[in-house]
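Asker: Residue numbers (the working numbering): 80 to 319.
This is the structure, below, for whatever I ask next.
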Ligand code: F6R
């Protein structure tokens, strides 16, 4: 695992977006794995800027998002589908027929999980998986547990995740369950880029980089990946 320390979130977004843009320029039909949340937002802005300047086309790119809340339809403002549509896909020329998402439907969602894993394999695997990290070390919504997951599954969200994300739910309570790609899905990506900024991530960054690899800090498994880079700022690097 390579650790890249940069001054702030803007510098990180420049570095991460350049890698994504370079990859797509070399391989226009690249398969990209995307994350939601605050961490990738600046990077998405840089991707939109590059698209607007005509420096890159995402038209042929296939995407797979990491996770979706259970019980939120796509058109719900809190769904991760809606987030991606607003923060990237509709502003950077993505082809929505190549956008893949786990279903948030409580019934349909579980049966779609297996299919999602197969779809990733059929697309040739993920070229770049973008990640954030939870304050508890989660990646996707793989919460700390006694074993590492493999394929996509339904998860009960940890208390700390609910505490971190419930601020976004102003009109309804935050769902307690979600569907997520498994740790195996993430580890099968050819390249992984993780963004962790701000003091609230300092403990997770320390565990990920320094503690033994353990499913109690799911992000620590990235140390076993042949091409994983974590981008941290001064605040998240504080305990290193
Ligand atoms: C979101 C996801 C999560 C977030 C993590 C950090 O798709 O997979 O693992 O990356 O919860 O969230 P932020 O970036 O909001 O601090």
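Yeah, the Cβ is synthetic: ideal placement off N, Cα and C, and Gly gets one too.
Do the CB positions of residue 49 and residue 179 come within less than 8 Å of each other?
Answerer: This structure cannot speak to residue 49, because the chain is shown only from 80 to 319.
Asker: Does at least one heavy atom of the ligand F6R sit under 7 Å from the Cβ of residue 210?
Answerer: Along the chain shown, one-based indexing puts residue 210 at 131. Correct: residue 210 has its Cβ closer than 7 Å to the ligand F6R.
Asker: Please classify residue 93 as buried or exposed, where buried requires at least 16 neighbouring CB atoms within 10 angstroms.
Answerer: Sequence index remark: in the chain shown, residue 93 carries index 14 (1-based). Residue 93 comes out exposed.
Asker: DSSP puts residue 259 in a beta bridge; with which residues?
Answerer: Translated into positions along the chain shown, residue 259 becomes position 180. DSSP, once it has assigned bridges, lists 146, 232 as partnering residue 259.
Asker: Give a yes or no on contact between the segment 115 to 132 and the segment 272 to 280, applying the rule of three or more CB pairs nearer than 8 Å.
Answerer: Yes, they touch.
Asker: According to DSSP, is residue 110 part of a helix, a strand, or is it coil?
Answerer: Translated into positions along the chain shown, residue 110 becomes position 31. DSSP places residue 110 in strand when its eight states are reduced to three.
Asker: Does the Cβ of residue 83 have 16 or more other Cβ atoms within 10 Å, making it buried, or fewer, making it exposed?
Answerer: Translated into positions along the chain shown, residue 83 becomes position 4. With fewer than 16 other Cβ atoms within 10 Å, it is exposed.
Asker: Quick check: the segment 131 to 149 against the segment 173 to 188, are at least 3 beta-carbon pairs closer than 8 Å?
Answerer: Yes: at least three Cβ pairs fall under 8 Å.
Asker: Any heavy atom of the ligand F6R closer than 7 Å to the Cβ of residue 220?
Answerer: Walking along the chain shown from the start, residue 220 turns up at place 141. Correct: residue 220 has its Cβ closer than 7 Å to the ligand F6R.
Asker: Inspect the CB distances between the segment 215 to 223 and the segment 289 to 299 and report whether three or more fall short of 8 Å.
Answerer: At 8 Å Cβ cutoff, the stretches touch.
Asker: Taking the straight line between their C-alpha atoms, what separation do you get for residue 91 and residue 292?
Answerer: Indexing the chain shown from 1 puts residue 91 at position 12. Indexing the chain shown from 1 puts residue 292 at position 213. Going by the C-alpha atoms only, they are around 25 Å apart.
Asker: Quick check: residue 163 and residue 309, are their CB atoms within less than 8 Å of each other?
Answerer: Residue numbering aside, residue 163 sits at position 84 when the chain shown is read from its first letter. Residue numbering aside, residue 309 sits at position 230 when the chain shown is read from its first letter. Not a contact, by the Cβ cut-off of 8 Å.
Asker: Are the beta-carbon atoms of residue 137 and residue 209 separated by less than 8 Å?
Answerer: On the chain shown, residue 137 is found 58 positions in, with the first residue counted as 1. On the chain shown, residue 209 is found 130 positions in, with the first residue counted as 1. No, these two residues do not count as a Cβ contact at 8 Å.
Asker: Just the Cα atoms here: how many angstroms apart are residue 243 and residue 145?
Answerer: Along the chain shown, read from residue 1 onward, the residue named residue 243 stands at position 164. Along the chain shown, read from residue 1 onward, the residue named residue 145 stands at position 66. Cα to Cα, the separation comes out at about 18 Å.
Asker: Exposed or buried, residue 319, counting other C-beta atoms within 10 Å across all chains shown (16 or more means buried)?
Answerer: Within the chain shown, the letter at position 240 stands for residue 319. Under this definition residue 319 is an exposed residue.
Asker: I want to check one thing, is the minimum distance from the CB of residue 226 to the heavy atoms of the ligand F6R below 7 Å?
Answerer: As a working mapping, residue 226 is identified with position 147 in the chain shown. Answer for residue 226: no, Cβ out of range of the ligand F6R.
Asker: Got a sec, what are the start and stop residues for the beta strand (DSSP E) residue 84 sits in?
Answerer: Within the chain shown, numbered from 1, the residue matching residue 84 stands at position 5. Element bounds for residue 84: 81 to 84.
Asker: Relative to the ligand F6R, is the shortest distance from any of its heavy atoms to the C-beta of residue 245 smaller than 7 Å?
Answerer: By 1-based counting over the chain shown, the position of residue 245 is 166. Answer for residue 245: no, Cβ out of range of the ligand F6R.
Asker: Closer than 6 Å by C-beta to residue 295: which residues in its own chain qualify, once you throw out the five before and the five after it? Chain order, please.
Answerer: Position 216 of the chain shown, counted from the first residue, corresponds to residue 295. Excluding positions up to five away in sequence, the list reads 223.
Asker: Could you check if residue 250 is buried or exposed, using at least 16 other CB atoms within 10 Å of its CB as the buried criterion?
Answerer: Mapped onto the chain shown, residue 250 falls at position 171. That one is exposed.
Asker: How big is the Cα-Cα spacing for residue 132 and residue 203?
Answerer: Here residue 132 refers to the residue found at position 53 of the chain shown. Here residue 203 refers to the residue found at position 124 of the chain shown. Rounded to the nearest angstrom, the two C-alpha atoms are 29 Å apart.
Asker: Determine, using beta-carbon pairs with one atom in the segment 229 to 238 and one in the segment 253 to 270, whether at least three such pairs fall under 8 Å.
Answerer: Yes, they touch.
Asker: For my contact list, residue 189 and residue 257 are in at a C-beta cut-off of 8 Å; report their separation, rounded to the angstrom.
Answerer: Within the chain shown, the letter at position 110 stands for residue 189. Within the chain shown, the letter at position 178 stands for residue 257. Not a contact, Cβ separation roughly 12 Å.
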